[in-house]
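Visitor: The structure is given below, and queries will be raised subsequently.
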Amino acid sequence: MVGRVGPDVLDLTEVHRFANEAVRLAGTLHWDILALARGVLDGLRAAGPVTSVGVDSWAVDYGLLDASGALLGNPVHYRDSRTDGVAERLATRLGPERLYATTGLQQLPFNTIYQLAAARGTPQLDVARWLLLIPDLVAYWLTGEVGAEVTNASTTQLYDVRRRAWATDLMVDAGIRPELFPPLREPGSRIAPVLPALGLPGEPEVVAVGSHDTASAVVGVPASGENFAYISCGTWSLVGVELDAPVLTAASRRANFTNESGVDGSIRYLRNVMGLWLLQESMRAWGTADLPELLRRAADEPAFRSVVDPDDPAFLPPGDMPARLAQACRRAGEPVPTTPAGTVRCILDSLALAHRRAVRQAQQLSGRQVETVHVVGGGARNALLCQLTADACGLPVLAGPVEATAFGNVLVQARTAGAVEGDLAALRALLRETQQVVRYEPRGAQAAWRAAEERLGV
Ligand code: LRH
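Per the UniProt record's numbering, the very first residue in the sequence shown carries number 1; after that it's consecutive.
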């Protein structure tokens, strides 16, 4: 994406797009990191001369470098089964209360801490000099500089959310070498110009942004004031509010809410909901790419016929999703959907319910009042899901921009370049002036959603 940013200007142009496809090989699910690196370089060539470059990606995953800077193996996908059962064992040993008090992070089986515990004793980890999270790895290949950008570092469960520093004591107690982790860097800081050997047009500077995609997406939420919730809706639905300080209460820990670090010292207080992964994996199983047609037919299906808890860990790995959804319905005594349209309706009703639960809990646990729900990311295009989310939450939904992550990324770079000024509110004001959002008013009574929620027993 190439962004143009000025005091009254903000737009994005897509110059190159490439697939991110996992590869299962020798019993392990990997990222094809060199294909991604090639996509990045092709994209930067297609972009032509630009002022700066910012890198963001999904969280928690990493590559290991040896002392010469060479990559040790292909990064492992967070949906790989190597972490099965690891989180329970390690969290019990370290103490869930201590883990939460230090890191403020939700328990997800694939947090970096558990991936590293699963990799313990492997030759690659034993000889590694540096651990770089995915966007930091790409930035390293572009500049030759190692570092760890804080918004993504905060997703490792090895980062002290209050001190905004690596949690070295925790690393030691978890059997992880603290020396693996490079110095932290803040979004907006300059990393270095791209290496001349890459031959990229204009040799732009690489600038740290909210390198966790969700951190950039939250910058890209066109909200005014503070009484809003956001749903960064793509493969995952990240549902929460923006706070000044972490919420580290026992209730928050039990509800599995996370305190991820945001841009400008903010806290992204949110919950992971399984998201459109359920739909993407179903479509992969059906061998169909026609989402609009599926959604049209799902809209005609009766509401609430079958609901499931999208956060069921059974849905996490890749595989036959319609079969797993059917199984979950059977287990819960819900009617089993018999057509793709019925399955899609089940997914969307269930996601809307999960959005409702997370928005309500975020308010209760943080004390922040929510008047509007912003849906950003690919899910903002899904009119049925946006409407159902408005209905379920009993609140207006403002949908868009779809490319919130890219907007958040370029806005932080533009501020460093001096093209725009101000805090997150000022950056969001520019978004509101330049980008279209679609408003969905809540329809119907809350009672039907409450009843569906009770049926689910969550
Ligand atoms: C979304 C995301 C999310 C993480 C998950 C691993 O892309 O970064 O915030 O929890 O991927």
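In this text, a Cβ means the ideal position worked out from N, Cα and C, and glycines have one as well. Please read all numbers here as calculations on a predicted model, not as lab measurements.
#1: Kindly give me the distance between the Cβ atoms of Trp166 and Leu184, rounded to whole angstroms, as I take these residues to be in contact under 8 Å.
#2: Could you check if Asn272 belongs to the surroundings of ligand 1, using beta carbon to heavy atom distance under 8 Å?
#3: Is the beta carbon of Ala59 within less than 8 Å of some heavy atom of ligand 1?
#4: If distances are taken between C-alpha atoms only, which option among Ala22, Gly69, Ala91 comes closest to Asp80?
#5: Check for me: the beta strand (DSSP E) holding Ile191 runs from which residue to which?
#6: Any heavy atom of ligand 1 closer than 8 Å to the CB of Thr235?
#7: What three-state label does DSSP hand Ser154 in the structure shown?
#8: Are the CB atoms of Leu238 and Thr214 nearer to each other than 9 Å?
#9: Counting pairs of beta carbons, one from the region 382 to 392 and one from the region 434 to 443, are three or more of them closer than 8 Å?
#10: Output needed for Glu145: all residues of its chain with C-beta closer than 6 Å, excluding positions within five of it in sequence on either side, in chain order.
#11: Closest to Val76 by CA distance: which of Leu44, Gly39, His30 is it?
#12: Please name the residue, chosen from Tyr114, Gly188, Trp141, Leu279, that lies closest to Asp173 on a Cα-to-Cα basis.
#13: Given a cut-off of 9 Å on the beta-carbon distance, is the pair Pro123 and Val86 in contact?
#14: Measuring alpha carbon to alpha carbon, tell me which residue in Ala414, Arg450, Ala451 is nearest Asp8.
#15: Assuming Gln157 and Asn256 are in contact, meaning their beta carbons sit under 8 Å apart, how far apart are those beta carbons, in whole angstroms?
#16: Find the nearest neighbour of Leu411 within the set Ala399, Leu427, Glu403, judged by alpha-carbon distance.
#17: At 4 residues or longer, what runs of the alpha helix (DSSP H) sit wholly inside the region 235 to 299?
#18: If you count every other CB in all the chains shown that lies within 10 Å of the CB of Glu203, and 16 or more means buried, which is it?
#19: What distance in whole Å lies between the Cβ atoms of Gln436 and Gly379, which are believed to be in contact at a cut-off of 8 Å?
#20: Assess contact between the region 284 to 303 and the region 263 to 271, defined as three or more Cβ pairs (one per stretch) separated by less than 8 Å. Is contact present?
#21: Below 9 Å between beta carbons: does that hold for Ser57 and Ser232?
#22: Specify the secondary structure class of Gly3 as computed by DSSP and reduced to three states.
#23: Where does Gly378 sit, in a helix, a strand or coil, going by DSSP?
#24: Roughly how many angstroms lie between the CA atoms of Met274 and Trp141, to the nearest whole one?
#25: Report back the beta-carbon spacing between Leu132 and Leu65 to the nearest angstrom; my notes put them in contact at under 8 Å.
#26: With a threshold of 8 Å (Cβ to nearest heavy atom), would Leu212 be considered close to ligand 1?
#27: Just reading off the beta strand (DSSP E) that Gly63 is part of, what are its end residues?
#28: Beta-carbon separation of Tyr269 and Pro246 under 9 Å?
#29: Hey, how far is the Cα of Val2 from the Cα of Leu105?
#30: Compare the Cα-Cα distances from Ala223 to each of Gly367, Val5, Ile33, Ala404 and report the closest residue.
#31: From the DSSP output, which residues share a beta bridge with Trp449?
#32: Determine the contact status of Leu200 and Leu44, defining contact as a CB-CB distance below 9 Å.
#33: Please return the same chain residues whose Cβ sits closer than 6 Å to the Cβ of Trp277, not counting the five positions on each side in sequence.
Guide: Taking the geometry as given:
#1: 7 Å
#2: yes
#3: Yes; taking the cut-off as 8 Å, the Cβ of Ala59 has a heavy atom of ligand 1 nearer than that.
#4: Ala22
#5: 190 to 193
#6: yes
#7: coil
#8: yes
#9: Under the 8 Å Cβ criterion, the region 382 to 392 counts as touching the region 434 to 443, having at least three qualifying pairs.
#10: Ile191, Ala192
#11: His30
#12: Tyr114
#13: no
#14: Ala414
#15: Contact between Gln157 and Asn256 does not hold, since their C-beta atoms are separated by about 13 Å, which reaches or exceeds 8 Å.
#16: Leu427
#17: 250 to 254, 277 to 286, 291 to 299
#18: exposed
#19: 16 Å between Cβ atoms; not a contact.
#20: Output reads no: the region 263 to 271 does not touch the region 284 to 303.
#21: no
#22: Here Gly3 sits in strand by DSSP.
#23: In the structure shown, Gly378 sits in a helix (DSSP, three-state: H, G or I).
#24: 31 Å
#25: 6 Å
#26: In the sequence on display, residue 212 carries His and not Leu. Flag set: Cβ of His212 near ligand 1.
#27: 62 to 65
#28: Cβ atoms of Tyr269 and Pro246: closer than 9 Å.
#29: 33 Å
#30: Ranking Gly367, Val5, Ile33, Ala404 by Cα distance to Ala223 puts Ala404 first.
#31: BP columns for Trp449 are empty, so no partner.
#32: yes
#33: Thr235
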